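Contents: one structure, followed by commentary.
Residue numbers (UniProt numbering): 1 to 184.
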């Protein structure tokens with residue numbers, strides 16, 4: 001998949017949800033995981049994370065949105081069911097992104113929403129579990145930035161398979177030649 005991404009949550013309070021989020025982030029190839037203002041009782045009891053993602057993903061814990069620090073060029077994408085959020089199926093995922101989801105029984109704080117470069121929503125009638133929401137968003141990112149054949153407009157497999165990339169010969173834009181190569 002092209003680019004990189006991170007997954008995080010604000011105000012997380014349930015151990016099983018932390019484990020599910022970390023496992024989902026790990027499964028989809030996240031570069032790191034983060035939390036903001038998480039319940040300190042979460043500890044290391046990640047019962048839902050059978051992939052042992054802390055061994056594979058760096059984990060950053062910040063106490064407030066102001067403390068968050070992301071790599072240059074990384075866009076913060078809030079996932080929240082608000083009227084003005086972009087519908088997920090219409091969203092163009094940034095190559096460098098950090099996705100932040102709200103708490104189990106609440107919404108992203110106004111401070112967090114103000115920090116977000118984009119707000120997206122899963123077009124459902126009501127909020128879904130945080131782990132399910134993360135899985136849906138990351139699957140959509142995978143579809144956008146993964147290397148797959150175009151989806152068929154009719155039922156079934158794609159009509160045209162994805163073409164393999166073909167590497168061509170070097171293109172020389174001057175008379176300069178690479179040492180050790182022969183001139184034609």
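Virtual Cβ for every residue (Gly too), placed ideally from N, Cα, C. Quick caveat: nothing in here was measured; it's all calculated off a predicted structure.
_Spatially closest choice to residue 139 from 25, 14, 9, 19, by CA coordinates_ = Residue 25 is the option with its Cα nearest to residue 139.
*Please classify residue 166: is it buried, with 16 or more other beta-carbons within 10 angstroms of its beta-carbon, or exposed?*
Under the 10 Å beta carbon count, residue 166 is surrounded by fewer than 16 other beta carbons and is classified as exposed.
*So what's residue 157 in DSSP terms, helix, strand or just coil?*
In the structure shown, residue 157 sits in coil (DSSP, three-state: anything other than H, G, I, E or B).
*Excluding the 5 residues preceding and the 5 following residue 82 in the sequence, name in chain order all residues of the same chain whose CB lies nearer than 7 angstroms to its CB.*
Spatial neighbours of residue 82 in its own chain (CB-CB distance under 7 angstroms, excluding positions within 5 residues in sequence) are listed in chain order as 119, 121.
*If we count Cβ pairs, one from each stretch, closer than 8 angstroms, do we get three or more for the stretch 94-108 versus the stretch 6-15?*
Contact annotation: the stretch 94-108 touches the stretch 6-15, with at least three C-beta pairs closer than 8 angstroms.
*At what residue ranges does the stretch 76-132 contain a whole run of the beta strand (DSSP E), taking only runs of 3 or more?*
Within the stretch 76-132, complete beta strand (DSSP E) segments of at least 3 residues are found at 96-101, 118-121, given in chain order.
*residue 130 burial status per 10 Å Cβ neighbour count (16 or more: buried)*: Buried, by the Cβ-count rule.
*Between which two residues does the alpha helix (DSSP H) containing residue 27 stretch?*
From DSSP, the alpha helix (DSSP H) with residue 27 extends over 15-27.
*Contact belief for residue 142 with residue 162 at Cβ below 8 angstroms, rounded distance in angstroms*: The C-beta distance from residue 142 to residue 162 rounds to 14 angstroms, too long to fall under 8 angstroms, and the pair is not in contact.
*Report the rounded CA-to-CA distance for residue 88 versus residue 5, giving the unit in angstroms.*
Straight-line Cα distance between these residues: approximately 16 angstroms.
*Mind checking who residue 70 pairs with in its DSSP beta bridge?*
Beta-bridge annotation (DSSP): residue 70 is not paired with any residue.
_Let me check one thing: in DSSP terms, what residues is residue 8 bridge-paired to?_
Answer is 34, 100, bridged to residue 8.
*Is residue 78 near residue 108, with beta carbons less than 8 angstroms apart?*
Yes, these two residues count as a Cβ contact at 8 angstroms.
*Give the secondary structure of residue 169 by DSSP, where H, G and I count as helix, E and B as strand, and everything else as coil.*
Coil at residue 169, not helix or strand.
*Out of 65, 61, 31, 126, state which residue places its alpha-carbon closest to the alpha-carbon of residue 95.*
The shortest Cα separation from residue 95 among 65, 61, 31, 126 belongs to 31.
*Is residue 112 closer than 8 angstroms to residue 65 when the C-beta atoms are compared?*
Yes, the pair counts as a contact, with Cβ atoms nearer than the cut-off.
*Beta-bridge partners of residue 61, as assigned by DSSP*: Residue 61 pairs with 35.
_Taking the beta carbon of residue 153 as the centre, do at least 16 other beta carbons fall within 10 Å, making it buried, or is it exposed?_
By the 10 Å Cβ count, residue 153 comes out exposed.
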